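Following: one structure in structure tokens, then a few remarks.
Residue numbers (this note's numbering), protein chains in the order written: chain A, 8 to 124; chain B, 164 to 269.
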């Protein structure tokens with residue numbers, strides 16, 4: 008069974024940093040591209056970042072470019088999102104999702120990030 | 164960035180009714196279109212990928228189609244468990260989601 012479990016969220020002050028993790032199981036992690044998608048409270052879905060299976064290709068939404076860094080450790084079956092210079096508008100539920108057939112076929116349960124003083 | 168215009172924003176339908184939700188991209192995206200269902204407090208679930216392909220385990224009453232540059236999700240014979248918010252997503256370039264369609268039972 009494919010499972011994606013996010014962790015590392017919490018309450019953080021504006022301007023500070025936070026690192027999210029997504030532990031994958033039930034599939035060969037190193038064969039799949041992965042993504043972070045977020046959802047602000049009561050709002051729609053926003054893609055944040057993508058990374059290819061071997062980390063050769065990395066893409067970011069304009070809203071986080073230069074502040075967020077996506078990475079992965081295939082030996083640990085883990086996806087990361089390093090978030091710096093956090094803003095109130097980054098407050099959201101962050102999901103990791105597996106990429107397949109130009110879609111996101113499995114999603115984690117999400118981890119909440121709240122940016123507030 | 165490619166914008167996805169999704170309609171309607173909300174929809175109220177009766178059991179067994181046929182429901183259609185559409186998405187219109189701001190430029191050509193080929194078949195790089197997928198559909199998701201999100202229920203309250205839950206993660207989104209993939210329904211359709213590549214515009215018309217049913218995802219694993221998804222009931223056959225869900226279907227996707229493309230007519231020119233317009234993409235549609237159709238639900239045949241609406242069931243109680245189909246309520247929720249539906250999103251389209253284009254994966255042709257930097258992924259963008261539609262604004263969502265809230266589907267309720269009448």
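Just so it is clear, CB atoms sit at the ideal spot from N, CA and C, and this is done for glycine as well. No experiment lies behind these values; they were computed from the predicted model shown.
Taking just the CA atoms, how far does residue 180(B) sit from residue 99(A)?
For the purposes of this step, residue 99(A) is taken as residue 92 along the first chain, with counting starting at 1. For the purposes of this step, residue 180(B) is taken as residue 17 along the second chain, with counting starting at 1. Cα to Cα, the separation comes out at about 35 Å.
Residues of the segment 65 to 88 of chain A in Cβ contact with chain B at a cutoff of 7 Å, in chain order, please.
Residues of the segment 65 to 88 of chain A that bring their beta carbon within less than 7 Å of a beta carbon in chain B comprise 66 and 68, in sequence order.
Below-7 Å beta-carbon distance, residue 52(A) vs any chain B residue
Position 45 of the first chain holds residue 52(A). Using beta-carbon distances, residue 52(A) counts as an interface residue toward chain B, with a partner under 7 Å.
Sort out for me which residues DSSP pairs residue 56(A) with in a bridge.
In the first chain, residue 56(A) corresponds to position 49, counting from 1. BP columns for residue 56(A) point to 43(A) and 67(A).
Beta carbon of residue 22(A) nearer than 7 Å to that of residue 120(A)
Stepping through the first chain from its first residue, residue 22(A) is reached at position 15. Stepping through the first chain from its first residue, residue 120(A) is reached at position 113. No. Outside cutoff.
Can you tell me whether residue 288(B) is buried or exposed? The criterion is at least 16 other CB atoms within 10 Å of its CB, across all chains shown.
Any answer about residue 288(B) is impossible in this case: the structure gives chain B only from 164 up to 269.
Closest Cβ-Cβ distance between residue 209(B) and chain C: below 7 Å?
Checking the listed chains, one finds no chain C in this structure; the protein chains it contains are A and B.
Could you say which of 244(B), 267(B), 231(B) and 203(B) lies nearest to residue 221(B) if we only look at CA atoms?
Translated into the one-based positions of the second chain, residue 221(B) becomes position 58. When each option's Cα is compared against that of residue 221(B), the closest is 244(B).
Whose C-beta lies closer than 6 Å to the C-beta of residue 84(A) among residues of the same chain, with five residues either side of it excluded?
Within the first chain, the letter at position 77 stands for residue 84(A). These residues qualify, in order along the chain: 31 and 36.
By DSSP's criteria, residue 188(B) is part of a beta bridge. Which residues make up the other side?
Residue mapping note: residue 188(B) aligns to position 25 of the second chain, counting from 1. The partner list for residue 188(B) (beta bridge, DSSP) reads 167(B).
Between residue 34(A) and the rest of its own chain, which residues show a CB-CB distance below 6 Å, the 5 nearest in sequence each way excluded?
For the purposes of this step, residue 34(A) is taken as residue 27 along the first chain, with counting starting at 1. For residue 34(A), same chain residues with a beta-carbon under 6 Å away, outside a window of 5 residues either side, are 9 in chain order.
If you reduce the DSSP assignment to three classes, tell me which class residue 34(A) lands in.
By one-based count along the first chain, residue 34(A) stands at place 27. In the structure shown, residue 34(A) sits in coil (DSSP, three-state: anything other than H, G, I, E or B).
State whether the segment 76 to 93 of chain A contacts the segment 168 to 183 of chain B, with contact taken as three or more CB pairs (one from each stretch) at a distance under 8 Å.
no
Identify every residue that forms a DSSP beta bridge with residue 80(A).
One-based indexing of the first chain puts residue 80(A) at position 73. Answer is 85(A).
According to DSSP, simplified to helix, strand and coil, what is residue 92(A)?
The residue you call residue 92(A) lines up with position 85 of the first chain. The answer is coil: DSSP assigns residue 92(A) none of H, G, I, E or B.
Along the chain, where does the beta strand (DSSP E) that runs through residue 229(B) open and close?
Translated into positions along the second chain, residue 229(B) becomes position 66. Residue 229(B) -> beta strand (DSSP E) spans 225 to 230.
Residue 244(B) by DSSP, collapsed to three states: which one?
Working through the second chain from its first residue, we reach residue 244(B) at position 81. Residue 244(B) falls in the helix class under three-state DSSP.
Using DSSP's beta-bridge definition, name the partner residues of residue 118(A).
In the first chain, residue 118(A) corresponds to position 111, counting from 1. 101(A), per the DSSP bridge assignment.
Tell me whether the segment 98 to 113 of chain A and the segment 232 to 240 of chain B touch, counting them as touching only if at least three CB pairs, one residue from each stretch, are closer than 8 Å.
No, because fewer than three Cβ pairs between the segment 98 to 113 of chain A and the segment 232 to 240 of chain B fall closer than 8 Å, the two stretches do not touch.
Alpha carbon of residue 72(A) to alpha carbon of residue 229(B), nearest angstrom:
As a first step, residue 72(A) must be located in the first chain, where it is residue number 65. As a first step, residue 229(B) must be located in the second chain, where it is residue number 66. So the alpha carbons of these two residues sit roughly 33 Å apart.
Where does the unbroken beta strand (DSSP E) through residue 176(B) begin, and where does it stop?
Within the second chain, numbered from 1, the residue matching residue 176(B) stands at position 13. Segment 173 to 176, the beta strand (DSSP E) holding residue 176(B).
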